[in-house]
Amino acid sequence: MLQVNLIRKQKEWVLERLAVKNFHEPALVDRVLELDDQRRSLQTASEQLLARRNAASKEIGALMGQGKKEEAESRKKEVADLKEKLEQIEKDLAIADKDLQDALVRLPNLPSEKVPRGKTPEDNEVVRQGGTIPQLPEGSVPHWDLIRKYDIVDFETGVKITGSGFPLFKGQGAKLQRALVAYFLDYNTGAGYTEYIPPYMVNEATAYGTGQLPDKEGQMYYMPADNFYMIPTAEVPVTNIFRDEILKEPDLPVKMTAHSPCFRREAGSFGKDVRGLNRVHQFDKVEIVQLVHPSTSYDVLEDMVLHVEKLVQSLGLPYRILRLCGGDMSFASALTYDFEVYSAAQEKWLEVSSVSNFESFQTNRMKIRYKDADGKTQLVHSLNGSSMALPRIIAAILENNQFDGGIRIPEVIQPYFGKDTIN
RNA sequence: GGAGGAGUGCAGGAGUGGUUGAACUGGCACGCCUGGAAAGUGUGUAUACUCGAAAGGGUAUCAAGGGUUCGAAUCCCUUCUCCUCCGCCA
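Residues 2 to 424 in the working numbering are what the first sequence lists, from first letter to last.
What follows is the structure, encoded as structure tokens:
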């Protein structure tokens, strides 16, 4: 959520930035300002009345103490008058306040200066590319066929148990995922991230904090009996760990990592893009999150990109890093880098990680602040990234590393997997 | 799920309708003291919004929300959380 003060002070600049995200609703921005004015003047009015009421009440107390009952009674009547006015103003204030919030949460984050202009994924900027695209041997097949061949993921039984998009990992497939998760977590904790296992269901306040609510309600699985949401990513519970907290400056940066299953309804997806492990309703992911001093967040973003890049490299997968254009970025992000790995049999780039700086957009909502040396409290900046999404990594490993006798396991995973080949 | 008890500031812990943003103790910060430290001593110790150029005001916040009252940390209602006992249970 943007800070109203910023909009008030630099409206033109805000509009210009929003345009980069292809967000053209100057009327909404005007409405925010109008509601903010309204709110402030109503608040001043109500507070003045309250101040008068409080003063009068104090006097009544004093008069009662002195036994001057009649004077006290007449003052009481005065206050009763105030009360009526007050009630109306407070009602209006509550409405203005709510309308302001509603308008404010509809404004996306401002993209940073580095964000390329553009509307579609084609406008994303390739920052760099690494690894080599393998020459697959004759008779190579996509991962959905390999999965059958080696009996490592059973989609049909997943359908029986739950429904489409809920894969059942089995045998060497289950173990490969476990090995990757363990490797990713070790890699992250080795870089100073603290490991967490968060709750996989969250309440409304938490979903609101990271911006899943109120907009993306339909994308999460919802448990009406308890009013909980299944998490779409560990980012949600993990970033909320520090909701409503004030950190001390030396506590920064806070670095956290967590593995979790992710649940996404993804209503409306179909076709060959969703074949096999490309897109599913339940998948596992290891996430990294940082809460940092505002002055460092863009350096930290580059660090996180490098961190993930080395991780991809260590798996020996061909990859590219994209700087997302204004039109392809998420609502809350100020700057996002996507990682894609090349899945050689389906001849396709698959997004496996997304690393973003949210600046104070999330923390303003969540009220995650720090106290600086002067004792002033300020919002921290939040960043997160996947490190990484499991099913697509598995798809790429399977396809790129296939040979006659099976599938070669990346060297760094072998100690976790216990052998060097799936066969 | 049933029956009881409890939720106060950084922490412990007072406070049952009226100068209580909140005693007291501890912690922490700064100052004095000291060659330095400890002890001692003094001062300070929230957050948000808002008015103001600033100095400085105002309002709100004693789990959350609502109500009673001229006035609520204190009374009433609802919700949440924690503790104890019973039931169920990996």
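All C-beta atoms, glycine included, are put in the ideal place defined by N, C-alpha and C.
Closest residue to residue i among the options (Cα-Cα distance)
i	options	result
N110	E88, R129 and V21	V21
G131	L253, P319, K286 and E48	P319
D245	R370, V142, D421 and F418	R370
K372	N365, E205, T364 and V381	V381
D407	G140, L64, R324 and L323	The sequence shown places Gly at residue 407, not Asp. Comparing Cα positions, the closest option is G140.
S331	P416, T211 and N365	T211
S429	S354, F404 and D405	Outside the modelled stretch of the chain, which goes from 2 to 424, sits residue 429, for which no answer is possible.
D339	I198, N358 and E205	N358
L312	E341, I148, K70 and Y223	E341
P225	L108, R18, V203 and Q67	V203
P138	E360, I410 and A346	A346
L19	A235, Y417 and V116	V116
L253	D152, G193 and P416	G193
I232	D146, L181 and Y201	Y201
I410	E310, K286, A180 and Q283	A180
L108	P215, S261, Y223 and K420	P215
T364	G166, V301, T163 and V293	V293
D227	E218, Q136, N6 and E205	E205
D93	D285, E123 and Q44	Q44
G50	G317, G419, L83 and P295	The sequence given here places Leu at residue 50; Gly does not occur at that position. When only C-alpha atoms are compared, the closest one is L83.
F264	K286, V309, D375 and H144	K286
H260	E348, K120 and E196	E196
G419	L177, V281 and G317	L177
L169	G219, F284 and D375	F284
P262	L87, E85, L34 and V281	V281
R118	E303, E17, K349 and M367	E17
L316	Y343, V301 and L302	Y343
Within 8 Å, strictly: CB atoms of residue i and residue j
i	j	result
V356	M305	yes
Q213	K256	no
L3	L105	yes
M65	A57	no
I1	T378	A question about residue 1 goes unanswered here, because the residues of the chain that appear run from 2 up to 424.
L351	N279	yes
R9	D31	no
E95	Q39	Position check: residue 95 holds Ala in this sequence, whereas Glu was assumed. No. Outside cutoff.
A333	F362	yes
T258	T190	yes
I423	Y184	no
K171	V160	no
V237	T207	yes
R76	E60	yes
E288	A335	no
S298	L186	no
N55	G328	no
N125	L325	yes
I322	R129	yes
Y209	M221	no
A46	I90	yes
Y151	Q173	yes
Those residues which DSSP pairs with residue i across a bridge
i	result
I408	Q403 and I423
Q130	R321
T337	S357
E352	E341
I1	The structure shown does not extend to residue 1, since the chain spans only 2 to 424, so no value can be given for it.
Q283	F264
Delimiting residues of the alpha helix (DSSP H) encompassing residue i
i	result
G66	P27 to G66
E85	K70 to L105
I8	V5 to K10
H308	S298 to S315
P416	Q415 to F418
Element boundaries [beta strand (DSSP E), containing residue i]
i	result
R321	Y320 to R324
Enumerate, from N- to C-terminal direction, the unbroken alpha helix (DSSP H) stretches of 4 or more residues contained entirely within the stretch 233-281. Scanning the stretch 233-281 from its first residue to its last, the whole alpha helix (DSSP H) runs of 4-plus residues come out as 236-240.
Quick one: complete alpha helix (DSSP H) runs, 4+ long, within the stretch 149-232? If we require 4 residues or more, the alpha helix (DSSP H) runs fully inside the stretch 149-232 come out as 156-162, 172-191 and 205-210.
Enumerated in chain order, which unbroken segments of the alpha helix (DSSP H) with a length of 4 residues or greater are wholly contained in the stretch 355-389? You should have 362-367.
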